[in-house]
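Participant: Here's a structure for you.
Chains as they are written, first to last, in the numbering used here: chain A, 670 to 1000; chain B, 670 to 1000.
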């Protein structure tokens, strides 16, 4: 049987060597003390975000590979940093595990987490561990952005174009495939990969913010129909979406896949976990938006309206209200 | 039934009005966006710490008043800030609740949390909520201390005196009383109060650090016999404790109380949850330590040794090894 101290030592091994620990924007003191110390950069604000990742709610012990759990618990918290246009600096990992998962499962989990940590240059700075029957994860990410420059949800104005990155509904489709499969899965399709190993759009968020192109931005975690109303609400505006413009999987993909019969329009509107960026751009800046950024498509899908309603123009031209149907743990 | 958005609105009501939100060391953007924004002070480092507070492990739904759960989940995370000698700035609350507890229980929980937040000047900046069968809490606290000035665990040197604040074993005694009682309890004794509403030693930690009196410091959360070895290990030293000097409850207190027959020496050595400070002071600075600080006793209980063993001198003068017997979720 191992004690908490040895568990902490195993976890702390994934912390990155910190060659610039005396420089700004770096972890000055990592795991092993009462708290971590972070040295902020002059002229920057600190971005703070935390995210639950719970067995049974956000992942399934018997379906999700431990590596994917490790990657995704950090990646989804990083998506909030991307949504502010910031750069990640470090993170805290709170982990509660059953004794049975403190061996091989933990090693594989830490492997996935380490990969995400290195890939997105976000160093493990500290955390807390305890024992629990179910696997509980909470990740806090600390990021930075130049003072006053972070992208908020509040700046959208009537007439702004609404954009999304990537293709919507892919992760939800991947989840359907996962649910339909037997036992632990491997990454076999792009949709499954998007569900298991999402890529926070950090470079895109940073580029849009630095160049002051966006008036409002957020990440899509609960589904477009749930998240867009939040952006509109924060900005005091409404929106009109054009269904035909929303980038999504071709329908034959869904019909032929193991997800079986999924309606790709439904997935694109209501599916969660895409971690794409949703942002608004004033008309005068629209020509500064490229068709794609580092291989990720950028698509105008509608327009912000003064009228605070949310409307969807269907492919047949008929208009209907956009009803939130995305992920909400309390619904 | 309520949704996540309305839950977040209720929680966000406990956020403090932020009159100085444009000034340094303050929350510039609180709940309601993808992440919070914090404006660090120039010349300061950021202190980061997070803490689990789980039903069944750290508190009992049927025994602990919701107000105490709210107070304590923040207070114990703040104790880590005290241990670094820092000042708290803001916190993130991650909360997972059963539907049944999203009403009255949540209100009372938020009441206790708000009291602690105001008392210790630590503003709610953000968080994450979800639904779960058990009540899960994780708190991240962000603090600050002057660059290079934070008290670490690593600086203890042979010959330093070992000090503790307050009286040890009181909280563990309070827990015994709680366990022996029927149903939800009220705060009826100082020991119960110490268990339910611990006071992080922020002013003391800050004073000791500012005046550069301590060589090493940490907070006592798992019990002296578990925590002192961690400080010694980090500093590469040993320690000799004198049992007779350890401040604890008088034994008749324990015998007469509902805790029934508790050995106060055992509680003082191994009882957790005291959130007192453990710190080391070079001999030459010992006369700068007052007998008490703001009503909290400060007591020298032993000495740091070059020899890396941990020894306890019993009241009868015999010496024995100090064996960790405190709280460890993995033991």
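We put the CB at the ideal spot given by N, CA and C, even for glycine.
Run through chain A and tell me which residues come within less than 7 Å of residue 709 (chain B), C-beta to C-beta.
Facilitator: Stepping through the second chain from its first residue, residue 709 (chain B) is reached at position 40. The contacting residues are 709 and 715.
Participant: Please report whether the beta-carbon of residue 878 (chain A) lies at a distance below 8 Å from any beta-carbon of chain B.
Facilitator: Stepping through the first chain from its first residue, residue 878 (chain A) is reached at position 209. Not one chain B Cβ lies under 8 Å of residue 878 (chain A).
Participant: Note down the Cα distance separating residue 900 (chain B) from residue 743 (chain B), rounded to an integer number of angstroms.
Facilitator: Taking the second chain and counting its residues from 1, the one referred to as residue 900 (chain B) is at position 231. Taking the second chain and counting its residues from 1, the one referred to as residue 743 (chain B) is at position 74. Roughly 23 Å between the two C-alpha positions.
Participant: Under the three-state reduction of DSSP, which class applies to residue 797 (chain B): helix, strand or coil?
Facilitator: Position 128 of the second chain holds residue 797 (chain B). Taken through DSSP and simplified to helix, strand or coil, residue 797 (chain B) comes out as strand.
Participant: For residue 822 (chain A), return the contacting residues in chain B, with the cut-off set at a CB-CB distance below 9 Å.
Facilitator: By 1-based counting over the first chain, the position of residue 822 (chain A) is 153. Neighbours of residue 822 (chain A) in chain B, taken as residues at a C-beta separation under 9 Å, are given in chain order as 701, 702 and 703.
Participant: Within 10 angstroms of the Cβ of residue 1008 (chain A), are there 16 or more other Cβ atoms? Answer buried if so, exposed if not.
Facilitator: Because chain A in this structure spans residues 670 to 1000, residue 1008 (chain A) falls outside the shown range and cannot be described.
Participant: Counting only runs of 3+ residues fully inside the region 823 to 892 of chain A, write out the beta strand (DSSP E) ranges in chain order.
Facilitator: 830 to 834 and 885 to 889
Participant: Which bits of chain B does residue 763 (chain A) rub up against, with CB to CB less than 9 Å?
Facilitator: Reading the first chain from its first residue, position 94 is the one you call residue 763 (chain A). Correct list: 719, 720, 721, 763, 807 and 809.
Participant: Is residue 781 (chain B) helix, strand or coil when you go by DSSP?
Facilitator: Working through the second chain from its first residue, we reach residue 781 (chain B) at position 112. Residue state, collapsed to three classes: helix.
Participant: How many angstroms separate the CA atom of residue 763 (chain A) from the CA atom of residue 752 (chain B)?
Facilitator: Taking the first residue of the first chain as position 1, residue 763 (chain A) is located at position 94. Taking the first residue of the second chain as position 1, residue 752 (chain B) is located at position 83. Between the alpha carbons of residue 763 (chain A) and residue 752 (chain B) lies a distance of about 20 Å.
Participant: Is it true that the CB of residue 766 (chain A) sits closer than 8 Å to the CB of residue 626 (chain A)?
Facilitator: This structure gives no information on residue 626 (chain A), because the portion of chain A shown stretches from 670 to 1000.
Participant: Below 8 Å on the Cβ atoms is my contact criterion, and I expect residue 942 (chain A) with residue 867 (chain A) to pass it. Report the Cβ-Cβ distance as a whole number of Å.
Facilitator: Numbered from 1 along the first chain, position 273 holds the residue referred to as residue 942 (chain A). Numbered from 1 along the first chain, position 198 holds the residue referred to as residue 867 (chain A). Yes, residue 942 (chain A) and residue 867 (chain A) are in contact; Cβ-Cβ is about 7 Å, under 8 Å.
Participant: Tell me which residue opens and which closes the alpha helix (DSSP H) that residue 679 (chain B) is part of.
Facilitator: Reading the second chain from its first residue, position 10 is the one you call residue 679 (chain B). Segment 673 to 681, the alpha helix (DSSP H) holding residue 679 (chain B).
Participant: Taking CB distances under 8 Å as the criterion, tell me whether residue 694 (chain B) reaches chain A.
Facilitator: Position 25 of the second chain, counted from the start, is the residue given in the question as residue 694 (chain B). Taking Cβ atoms only, chain A never reaches closer than 8 Å to residue 694 (chain B), which makes this a no.
Participant: Does any residue of chain A bring its CB to less than 8 Å from the CB of residue 1005 (chain B)?
Facilitator: Outside the displayed range of chain B (670 to 1000) lies residue 1005 (chain B), so it cannot be described from this structure.
Participant: In chain order, which continuous runs of the beta strand (DSSP E) of length 3 or greater are located wholly inside the region 895 to 968 of chain B?
Facilitator: 907 to 911 and 945 to 950
Participant: Would you list, in chain order, the members of the region 741 to 760 of chain A that have their beta-carbon closer than 7 Å to a beta-carbon of chain B?
Facilitator: 749, 750, 752 and 753
Participant: Taking C-beta pairs closer than 8 Å, name the residues in chain A that residue 698 (chain B) reaches, listed in chain order.
Facilitator: Position 29 of the second chain, counted from the first residue, corresponds to residue 698 (chain B). Those are 819 and 821, listed as they occur along chain A.
Participant: Spatial neighbours of residue 898 (chain A) within its chain, please: CB distance less than 7 Å, with the 5 preceding and 5 following residues excluded, ordered by chain position.
Facilitator: Here residue 898 (chain A) is taken as the residue at index 229 of the first chain, counted from 1. Counting only Cβ-Cβ distances below 7 Å, and skipping sequence neighbours, we find 979 and 993.
Participant: Residues in the same chain with beta-carbon distance under 7 Å from residue 974 (chain B), minus the five sequence neighbours each way, listed in chain order, please.
Facilitator: Taking the first residue of the second chain as 1, we reach residue 974 (chain B) at position 305. For residue 974 (chain B), where only same-chain residues beyond five positions count, the Cβ hits under 7 Å are 827, 906, 907, 908 and 909.
Participant: Does the region 956 to 974 of chain A come into contact with the region 820 to 839 of chain A, if we say contact requires no fewer than three beta-carbon pairs (one atom in each stretch) closer than 8 Å?
Facilitator: Using a Cβ-Cβ distance cut-off of 8 Å, the region 956 to 974 of chain A and the region 820 to 839 of chain A are in contact, since at least three pairs of beta carbons, one from each stretch, lie closer than that value.
Participant: Tell me the residue span of the beta strand (DSSP E) that contains residue 758 (chain A).
Facilitator: In the first chain, the residue the question calls residue 758 (chain A) occupies position 89. 756 to 766 is the extent of the beta strand (DSSP E) around residue 758 (chain A).
Participant: Quick one: what's got a C-beta closer than 8 Å to residue 724 (chain B)'s C-beta in the same chain, skipping five residues either side?
Facilitator: Numbered from 1 along the second chain, position 55 holds the residue referred to as residue 724 (chain B). Within the same chain, residue 724 (chain B) has close Cβ partners 730, 803, 804 and 805.
Participant: Could you check the C-alpha separation between residue 797 (chain A) and residue 706 (chain B) for me, to the nearest Å?
Facilitator: One-based indexing of the first chain puts residue 797 (chain A) at position 128. One-based indexing of the second chain puts residue 706 (chain B) at position 37. Using only the alpha carbons, I get a separation of about 23 Å.
Participant: Looking at C-beta atoms only, is the number of pairs between the region 931 to 950 of chain A and the region 872 to 892 of chain A that lie closer than 8 Å three or more?
Facilitator: The region 931 to 950 of chain A, when compared against the region 872 to 892 of chain A, does touch it at the 8 Å Cβ threshold.
Participant: Say whether chain A places a C-beta atom closer than 8 Å to the C-beta of residue 884 (chain B).
Facilitator: Counting from 1 along the second chain, the entry for residue 884 (chain B) is found at position 215. So, not an interface residue.
Participant: Measure the CB-CB distance between residue 704 (chain B) and residue 740 (chain B) and report whether it falls below 8 Å.
Facilitator: If you number the second chain from 1, residue 704 (chain B) lands on position 35. If you number the second chain from 1, residue 740 (chain B) lands on position 71. Going by C-beta atoms, residue 704 (chain B) is not nearer than 8 Å to residue 740 (chain B).
Participant: Taking the alpha carbon of residue 792 (chain B) as the reference point, which residue from B:700, B:977, B:846 and B:845 has its own alpha carbon closest?
Facilitator: Translated into positions along the second chain, residue 792 (chain B) becomes position 123. When only C-alpha atoms are compared, the closest one is B:700.
Participant: Starting from residue 974 (chain A), follow its DSSP beta bridges and name the residues at the other end.
Facilitator: Looking up residue 974 (chain A) in the first chain gives position 305. In the DSSP output, where bridge partners are listed per residue, residue 974 (chain A) has A:907.
Participant: Could you give the DSSP three-state label for residue 719 (chain B): helix, strand or coil?
Facilitator: What you label residue 719 (chain B) is simply residue 50 of the second chain in a count that begins at 1. Of the three classes helix, strand and coil, the one that applies to residue 719 (chain B) here is strand, per DSSP.
Participant: Against chain A, does residue 927 (chain B) count as a neighbour if the rule is that its beta carbon must be under 8 Å from one of theirs?
Facilitator: Along the second chain, read from residue 1 onward, the residue named residue 927 (chain B) stands at position 258. Here the model assigns residue 927 (chain B) a pLDDT of 48, short of 50, so the residue's position is not dependable, and the following value carries that caveat. Not one chain A Cβ lies under 8 Å of residue 927 (chain B).
Participant: Which residues of chain A have a Cβ atom closer than 7 Å to the Cβ of residue 801 (chain B), listed in chain order?
Facilitator: The sequence position of residue 801 (chain B) within the second chain is 132, counting from 1. Going along chain A in sequence order, the residues near residue 801 (chain B) (Cβ under 7 Å) are 723 and 726.
Participant: By DSSP's criteria, residue 990 (chain A) is part of a beta bridge. Which residues make up the other side?
Facilitator: By 1-based counting over the first chain, the position of residue 990 (chain A) is 321. A:980.
Participant: Alpha carbon to alpha carbon, how far is residue 732 (chain A) from residue 770 (chain A)?
Facilitator: Here residue 732 (chain A) is taken as the residue at index 63 of the first chain, counted from 1. Here residue 770 (chain A) is taken as the residue at index 101 of the first chain, counted from 1. Going from the Cα of residue 732 (chain A) to the Cα of residue 770 (chain A) covers about 15 Å.
Participant: If I measure Cβ to Cβ from residue 938 (chain B) and keep anything under 6 Å in the same chain, skipping five residues before and after, which residues do I get?
Facilitator: Within the second chain, residue 938 (chain B) is the residue found at index 269, counting from 1. Cβ within range, chain order: 893 and 894.
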